[in-house]
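> Okay, handing you the structure first.
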Amino acid sequence: MPAPDESLNESLDESRNIDDLMHRLEVAAARPELLVHEARLQVLGEVSHGEAPPVPLMHLSLGRFQQRRVLVIAGTHGDEPASVEAMLQLLEQFPEHYLDAASVDILPCTNPTGWCLNTRENAAGIDVNWAFDRHDVPEVTILRHFLQGRRWEVIVDFHEDWEATGFYLYEHRRGADYIGPQVVDQVADVCPLSEAVEIDGWPADHAVIHADDSVERLRRGDGLPLILLRDHTDHKVTTETPTCLPLQQRVDAHHQALAAILAHHLGTPG
């Protein structure tokens, strides 16, 4: 596998250019290894706020499977750069064995204006992750249309936490055992785990949080995590890396978590 571009990794926190992001996506999607798995990069819609030029919200689909599908999301909060970088490096070095078992849908940057500005919210100051009860947010409208009528075996959502000192995750699952402890054990090989017993108001056990989605809905309104669990999957994992650590270490933590999750669901190497 090619080595990641370390100079880009080091500069990513300071420099955000949507053209560079698009170029990396287009180059990755055009790799012969992915084209044989019917890689298809498409613009779901364009997002514009105020007088700023519109920027695209992208989707990449991989694989031929119709029954077994996986969704991976990144960049919902624009000030969490390792989520987008993890997605880009995943595509640039994609483990093809995943595609022998399932199709994969990728949303590499669901808040492109926030990513460009290095802000949690979009360019209009709205937290896209928790605005799914609104009908005046372009990103939400685009994502709602994309999600309509689709379900996935598992959804993995890459995030970061500027307050954390170690990796942790949220796990929601219906009808089967949780796998969070096994996932964080694998992540511990590349990244320290959070030792907090409470995170964002939720009890944490060995870096794993099982939040009550009904309480969360009352507290924060209809958010993307809750919509996904309610309508689009029986298993959702949100990975959280600590921004105090080097970018590449955080990227590796997301990749380790994804590998462990897909090993459980698809029987692929962890």
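Each residue of the sequence shown is one higher than the one before, counting from 92 in the numbering used here.
Where is the CB? At the ideal position from N, CA and C, for every residue including glycine.
1) Is it buried or exposed, Asp110, if we count other Cβ atoms within 10 angstroms and call 16 or more buried?
2) Under 8 Å, do Ala279 and Pro333 count as touching if we go by C-beta distance?
3) So is His188 buried or exposed if we call it buried at 16+ other beta carbons inside 10 Å?
4) Just how far apart, CA to CA, sit Ala298 and Val328?
5) Just to check my reading of the structure: Leu126 and Leu116 have Cβ atoms closer than 8 Å, yes? What is that Cβ distance to the nearest angstrom?
6) Have a look at His346, Arg160, Arg310, Phe156 and flag the residue whose alpha-carbon is nearest the alpha-carbon of Leu238.
7) Val138 and Pro203 - do their beta-carbons sit closer together than 8 Å?
8) Report the rounded CA-to-CA distance for Ala295 versus Leu179, giving the unit in angstroms.
9) Cα-Cα, which of Leu182, Glu142, Glu212, Arg341 is closest to Ala120?
10) Please classify Ser102: does DSSP put it in a helix, a strand, or coil?
11) Ordered along the chain, which non-local residues of its own chain (more than five positions away) have a Cβ less than 7 Å from that of Ala231?
12) Apart from the five residues on each side of it in sequence, which residues of its chain come closer than 7 Å, Cβ to Cβ, to Phe156?
13) DSSP has Tyr68 in a bridge; who is on the other side?
14) What does the alpha-carbon distance come out to for the pair Phe249 and Ala143?
15) Return helix, strand or coil for Thr324, following the three-state DSSP convention.
16) Spell out the partners DSSP gives His150 in its beta bridges.
17) State buried or exposed for Arg341, treating a residue as buried only when at least 16 other CB atoms are found within 10 Å of its CB.
18) Please confirm whether Leu336 and Val247 have their CB atoms less than 8 Å apart.
19) Taking all protein chains shown into account, decide if Val134 is buried (16 or more other Cβ within 10 angstroms of its Cβ) or exposed.
According to the data block:
1) Its Cβ having fewer than 16 others within 10 Å, Asp110 is exposed.
2) no
3) exposed
4) 13 Å
5) Between Leu116 and Leu126 the Cβ distance is about 14 Å, and since that is not below 8 Å, they are no contact.
6) Arg160
7) Closer than 8 Å, so yes.
8) 29 Å
9) Leu182
10) Because the pLDDT of Ser102 is 43, which lies under 50, any placement of that residue in the model is unreliable, and the question is left without a value.
11) The question names Ala, yet the displayed sequence has Val at residue 231. Answer for Val231: Val219, Ala222, Phe223, Arg225, listed in chain order.
12) Ala193, Ser194
13) Residue coverage of the chain in this structure runs from 92 to 361, which leaves residue 68 outside it and unanswerable.
14) 27 Å
15) strand
16) Gln133
17) Classification for Arg341: buried.
18) With respect to the 8 Å criterion, Leu336 and Val247 are not classified as neighbours on the basis of their beta carbons.
19) exposed
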